[in-house]
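Top line first, the protein sequences correspond to chains E, U, P and Z.
The numbering used here puts the first residue of the first sequence at 207, with every later residue one more than the last.
The numbering used here puts the first residue of the second sequence at 207, with every later residue one more than the last.
The numbering used here puts the first residue of the third sequence at 8, with every later residue one more than the last.
The numbering used here puts the first residue of the fourth sequence at 8, with every later residue one more than the last.
Quick reminder that beta carbons are idealized off the backbone N, C-alpha and C, glycines included.
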Amino acid sequence: LQLEALELVGFKSFAGKTRVVFPERITAIIGPNGCGKSNLFDAIGWVLGEQSARSLRGQKMDEFIFGGTKKRKRSGLAEVKLHLKRTGEEPLFLSGVELDSEEVEISRRLYRSGESHYFVNQRRCRLMDVQRFLEDSGLGYAGYAMIAQGKIDSFLTAKPLDRRQIIEEAA
Amino acid sequence: LQLEALELVGFKSFAGKTRVVFPERITAIIGPNGCGKSNLFDAIGWVLGEQSARSLRGQKMDEFIFGGTKKRKRSGLAEVKLHLKRTGEEPLFLSGVELDSEEVEISRRLYRSGESHYFVNQRRCRLMDVQRFLEDSGLGYAGYAMIAQGKIDSFLTAKPLDRRQIIEEAA
Amino acid sequence: SRALFSEAFEAVNLNFKEVFQKLFGGGDCGMRLLDEEEILECGIDLYAQPPGKRLQNVMLLSGGEKALTVFALLIAIFMFRPSGFCVLDEVDAPLDDANVRRFGTLVEEMSNQTQFIIVTHNKRTMEMARALHGVTMEEPGVSKVISAQI
Amino acid sequence: SRALFSEAFEAVNLNFKEVFQKLFGGGDCGMRLLDEEEILECGIDLYAQPPGKRLQNVMLLSGGEKALTVFALLIAIFMFRPSGFCVLDEVDAPLDDANVRRFGTLVEEMSNQTQFIIVTHNKRTMEMARALHGVTMEEPGVSKVISAQI
Ligand SMILES: Nc1ncnc2c1ncn2[C@@H]1O[C@H](COP(=O)(O)OP(=O)(O)OP(=O)(O)O)[C@@H](O)[C@H]1O
Ligand SMILES: Nc1ncnc2c1ncn2[C@@H]1O[C@H](COP(=O)(O)OP(=O)(O)OP(=O)(O)O)[C@@H](O)[C@H]1O
Ligand SMILES: [Mg+2]
Ligand SMILES: [Mg+2]
């Protein structure tokens, strides 16, 4: 599976509808301090079911929903959609049903109530279905594919026993 | 007191006699990763009696003495000299004796045996005399004047109670 | 003692706000005592509001914003206990061009009273220096200094 | 289980050395188990030797050397459990020009098999990208994306 585009609305500092495409092998995300680059990083991890990305930065549910500014009301929900394209020939299954489209769309929604919805190709499913699907399609290890700002520093300051965890999980 | 020059030999990666001058208000230290810039930073703190600068990076005494390479034998001692110039009119005292020179030279030597020697204007004295002298001449707070690589990150990850210590010590 | 700590706390907080506003071009910030009753025992949290944003715990800011905020605090403490010189090791690493520029302006302003020695990889910061020392390791494991003055 | 862990450990260690040597232009490195008897319970230490230097615990290396070494390990783990894409957030921040260049070469080499999304402030890293997305906050507190393709 390869990434094609990311769409988000109401997610962290991305109040309005935003679309980011990934048509190339190497894409750079640039901009000044505090403009939202790491928030985009978080969106990718979040829609892929990563719960722990930068969880140091506030553990509440609404850390992820746009919190409003003086000029804009806060959002009622955060939604991220990731568009992917199949690169291989092997069949992909979601909850036992084979997917025949070349395009795959994974969505995650979070309401202020705390309610979470997950979708694969617009079909509602549970988080564990999404995670199962991602594992089968070779994206199950998104955790190792994402190196967050500060991850290198925290690995260095981690105790040797905590460092081992990273290898253990991969094993 | 203002800094005029730093001389070092056998200190960390500075095996040979090295002299660095500070004739201007703003001096930059540049160079590739691992070339020794932070070691120069450490030398300034070390000669001023700072014991804790980057003490995470190995607590043994000979962390400070050049450890040798394939081509060069390790050093038997580390020596750092800091040349300062008086800027004010007030008298400066060292162990009760008034210093009348405009130039002040502070030295620190560490032998592999673990023995440490301290000198102010080439007069041997104890660490506490140097520290007392520095306090009297307005250099007693070198700890606050030096922001080490990684100090900002460790302050951020420190618990609130550890952060308070930094204010407490200044009070 | 309580009085000494309060005095230091208030003085540093004033400096903190002043320096923060110069580095961010506005905004607000402050240290907060976690327990107003036990000021000799409680921890300290930092709150910051870059221009246009809401006041929040510094931990919720971006990587560069956090670094610049803590740098402002450390300079605030230095101003409370000054010593004629200040040595900085790569404090500008996570900053964007605008923040590096404001950092440079602050250093130039403070350099009338304070001598600065700054370790940096940043071209803009190097431009502000009037003397440059290049450190090299041509012979592996052995550092040498090549000095240049401008 | 013991066998699974050993297998992962050895495989990652091989990748670690390979990637480290590409990023440093030589040298050596490895993870070490702190207790050979209790491999399911013990901690892990990292050892590294940039070209020409002695093998030592990674904690004794310089700021940039440490960061590059840990990055090599995290990439080594990714290679053991690959996923077709890789997202990096400012991993090049503490690196000098030569190291940024070798980092870029590694990314270009890996990009045949792996799609990269890289958050960066570094001009050289930006040059390697074939699509650039600029994130801005013209309206304070609200992020927008301006896309450009090369
Ligand atoms: N739920 C939310 N609602 C509104 N704004 C938010 C929310 N979560 C985070 N933010 C804001 O997003 C900004 C941080 O963005 P981010 O960490 O992505 O910056 P960045 O571009 O990575 O910067 P740097 O280059 O410094 O790392 C902060 O100003 C923060 O207040
Ligand atoms: N006692 C010692 N003897 C010999 N070499 C030493 C000693 N202590 C430290 N070193 C070496 O000094 C080097 C680190 O230097 P330093 O931390 O000053 O680099 P730096 O220029 O600050 O790099 P960076 O830009 O990555 O921060 C390391 O290679 C380390 O092995
Ligand atoms: Mg960031
Ligand atoms: Mg350094």
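Cβ neighbour criterion (16 or more within 10 Å) applied to residue i
i      : result
P/L11  : exposed
E/R315 : buried
E/Q328 : exposed
Z/R161 : Since the first residue of chain Z shown is 8 and the last is 157, residue 161 of chain Z is not available in this structure.
P/F23  : buried
U/R225 : exposed
E/V303 : exposed
Z/G33  : exposed
E/R260 : Bear in mind that a pLDDT of 48 at E/R260, under 50, signals an unreliable position, so the number given afterwards is only what the model happens to contain. Buried, by the Cβ-count rule.
Z/N119 : exposed
U/G294 : exposed
P/P57  : buried
E/E213 : buried
P/N129 : buried
E/E375 : exposed
E/R369 : buried
N- and C-terminal bounds of the alpha helix (DSSP H) containing residue i
i      : result
U/A351 : 348-351
P/F110 : 104-117
U/S360 : 357-363
E/A377 : Neither: E/A377 is in no alpha helix (DSSP H) and is coded neither H nor E.
Three-state class that DSSP yields for residue i in the structure shown
i      : result
U/V286 : strand
E/S281 : coil
P/A155 : strand
P/G37  : strand
Z/T127 : coil
U/S261 : Low local confidence applies: a pLDDT of 48 at U/S261 is under 50, so the model's placement there is unreliable, and no value is given.
P/A79  : helix
U/A221 : coil
U/G162 : This structure cannot speak to residue 162 of chain U, because chain U is shown only from 207 to 377.
E/E295 : coil
E/T233 : strand
P/V70  : First, the amino acid is wrong: residue 70 of chain P is Gly here, not Val. P/G70: helix per DSSP, three-state reduction.
Z/E97  : coil
E/Q337 : helix
U/V227 : strand
E/A354 : coil
P/I84  : helix
U/L300 : strand
U/Q371 : helix
Z/I46  : coil
U/L345 : coil
U/G251 : helix
Z/E134 : helix
E/P366 : helix
One or two residues paired with residue i in a DSSP bridge
i      : result
P/N64  : P/Y54
U/E311 : U/H289
E/C241 : For E/C241, which the question treats as bridged, DSSP gives no partner whatsoever.
E/S322 : E/L316
U/I170 : No statement about residue 170 of chain U is possible, as the shown extent of chain U runs from 207 to 377 and does not include it.
P/Q122 : P/F92
E/Q208 : E/K291
Span of the beta strand (DSSP E), counted from its first residue to its last, around residue i
i      : result
Z/S13  : First-last for Z/S13: 9-31, but that is the alpha helix (DSSP H), not the beta strand (DSSP E).
U/E304 : 303-305
P/L139 : 138-143
U/R329 : 329-331
Any non-hydrogen atom of ligand 6 closer than 6 angstroms to residue i Cβ
i      : result
U/G222 : Among the ligands modelled here, namely ligand 1, ligand 2, ligand 3 and ligand 4, ligand 6 does not occur.
Kindly provide the chain-ordered list of residues whose Cβ lies closer than 7 angstroms to any non-hydrogen atom of ligand 3. With the cut-off at 7 angstroms, the residues found are E/K243, E/S244, E/Q355, P/S69, P/G70, P/G71, Z/D96, Z/E97, Z/V126.
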